[in-house]
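Take a look at the structure below.
Chains as they are written, first to last, in the UniProt record's numbering: chain A, 1 to 229; chain B, 1 to 229.
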């Protein structure tokens, strides 16, 4: 036991998962309806308590799977929230995790079996505890990362048009982008392969299809930050 | 008390502070010598336990002040480390905080009264527990942020040369930068005011002195991320 002049003050540690989704329309977030007190009936992030013999990463994956059936989602740790009264029952610090997934690619039926639902970011209700604050921080982090790092690899079809990629960025950043500027910036990142195929569904002229160059994309994830200066 | 099928598993929460320093030479980190078991005598980050009625932010400031006499340092939360056996005494999750300060500006005499010492990053010894891992993550975060956001406002004299600013970036990023490239990038950030004065100490021709444009600098801190795409 830790001894000394520190009183033996232990706390509950919780994890809360913010799962963003993209489905070609707009940015959504997955919420579950809480079925126990306090604040029963309100919507909530997917959360649970840290157990013995597991790390926070493990806890986040376990809790997400238990509440939504989703698995193999790589989540990033976002921030630990420690306002003293954030949980009215007992002192609980919450470490939050977030990820963004392609809604279509994840088993919609499985999610229908749980108390979980996708909400457009613009239509998120009043959540339990400080979950609206946690969500807001996650949105900021996602937008910041998107501005800097290439994104999209898992969220788009294997072959996609430049228009689809732009729509994804616009959905996350919540703003319209200038098409020519966008194309220039994406091209300067040099992470796409332009295919000899066209998608003909949106116009008679058709739009070229692109693929991510996996090796270049992975290298960018690591090195990107060091290239600016 | 939290009830239900969650066993009542509570943990110790600690905070650990990584204080980087710049003194015109290289990047340093502040460490203290641990004077109690286990691992007594080894160097360590400044750490302590979360108390009742305080947030993690408060705990970090309190611990830093208690151990080094430093105060009014704005620290950013970095990451929560939760490997099960990271602390051999009892289950302890550590939430780390970091900041970078100008060594000269902080009362060196005060620090001499504590068991604290500045170490060049290249000369950091074997630290207690997982503190080398925590430090490594902090270094990565600092370098990543430096590549993206303007840095330097608090770390340089009020008026400085372009050469001094470049030395600061080189110290943090741990690499030599091309002078012309660097000047172009800094100018494109548009956060400096070129003064009509020169620093004559390094050459007979002298070097122009610059100041940060506070308003533009503060605005960049907020908006910078959104300007890339």
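Every residue, glycine too, gets a C-beta built ideally from N, C-alpha and C.
Taking 8 Å as the CB threshold, residue 134 of chain B stays off the interface with chain A. Of the candidates B:73, B:200, B:114, B:216, B:216 places its Cα closest to the Cα of residue 193 of chain B.
With contacts defined as CB atoms closer than 8 Å, residue 173 of chain B and residue 143 of chain B qualify as a contacting pair. Residue 61 of chain B: member of the alpha helix (DSSP H) spanning 56-68, first to last residue.
Sequence-distant partners of residue 48 of chain A (beyond 5 residues in either direction) whose C-beta falls short of 6 Å from its own C-beta, in its chain, are 63.
The beta carbon of residue 155 of chain B lies closer than 8 Å to those of 22, 100, 101, 102, 168 in the same chain, with the five residues before and after it left out.
Three or more pairs of CB atoms, one per stretch, sit closer than 8 Å, so the segment 55-75 of chain B contacts the segment 88-99 of chain B. Separation of residue 160 of chain B and residue 211 of chain B (C-alpha to C-alpha, rounded to the nearest whole angstrom) is 7 Å.
As computed with DSSP, residue 13 of chain B is found in a beta bridge with B:93. Chain-order list of chain A residues neighbouring residue 82 of chain B: 55, 56, by C-beta distance under 7 Å.
In this structure, residue 67 of chain A sits away from residue 138 of chain A, with a CB-CB distance that is not shorter than 8 Å. Only exposed fits residue 219 of chain A, as fewer than 16 other CB atoms lie within 10 angstroms of its CB. Residue 42 of chain B has a beta carbon lying at 8 Å or more from every beta carbon in chain A.
Residues of the segment 12-39 of chain A that bring their beta carbon within less than 8 Å of a beta carbon in chain B comprise 12, 13, 36, in sequence order.
Taking C-beta atoms under 8 Å as the contact rule, residue 182 of chain B and residue 164 of chain B fail to qualify, at a distance of about 12 Å.
Between residue 33 of chain A and residue 132 of chain A, the CB-CB gap reaches or exceeds 8 Å.
With contacts defined by Cβ atoms closer than 8 Å, residue 201 of chain A and residue 127 of chain A do not form a contacting pair. Annotation: the continuous beta strand (DSSP E) that includes residue 46 of chain B extends over 46-49. Annotation: the continuous beta strand (DSSP E) that includes residue 194 of chain B extends over 192-199. Residues of the same chain with a CB within less than 7 Å of the CB of residue 88 of chain B, apart from the 5 flanking positions on each side, are 38 in chain order. For residue 139 of chain A, the uninterrupted alpha helix (DSSP H) segment begins and ends at 131-148. In the structure shown, residue 114 of chain A adopts coil according to DSSP, grouped into three states. For residue 50 of chain A, the nearest beta carbon of chain B is closer than 8 Å to its own beta carbon. Not one beta carbon of chain B lies nearer than 8 Å to the beta carbon of residue 161 of chain A.
Around the beta carbon of residue 129 of chain B, 16 or more other beta carbons sit within 10 angstroms, so the residue counts as buried.
A straight-line Cα-Cα distance of about 21 Å links residue 42 of chain B and residue 70 of chain B. Interface annotation, residue 79 of chain A: in contact with chain B, CB-CB separation under 8 Å. Flagged as an interface residue toward chain A: residue 10 of chain B, by a C-beta distance shorter than 8 Å. According to the DSSP assignment, residue 28 of chain B belongs to the beta strand (DSSP E) that extends over 27-33. Assignment of beta-bridge partners to residue 177 of chain A by DSSP yields no partner. Chain-ordered, the chain A residues with CB closer than 7 Å to the CB of residue 95 of chain B read 80. About 11 Å separates the beta carbon of residue 11 of chain A from that of residue 56 of chain B, a gap too long to meet the 8 Å contact definition.
Using a CB distance cut-off of 8 Å, residue 148 of chain B counts as an interface residue toward chain A.
Within the model, the alpha-carbon separation for residue 35 of chain A versus residue 140 of chain B is close to 41 Å.
Following the DSSP letters along the chain, one finds residue 76 of chain A inside the beta strand (DSSP E) bounded by residues 76-81. Residue 187 of chain B and residue 208 of chain B have their alpha carbons spaced roughly 14 Å apart.
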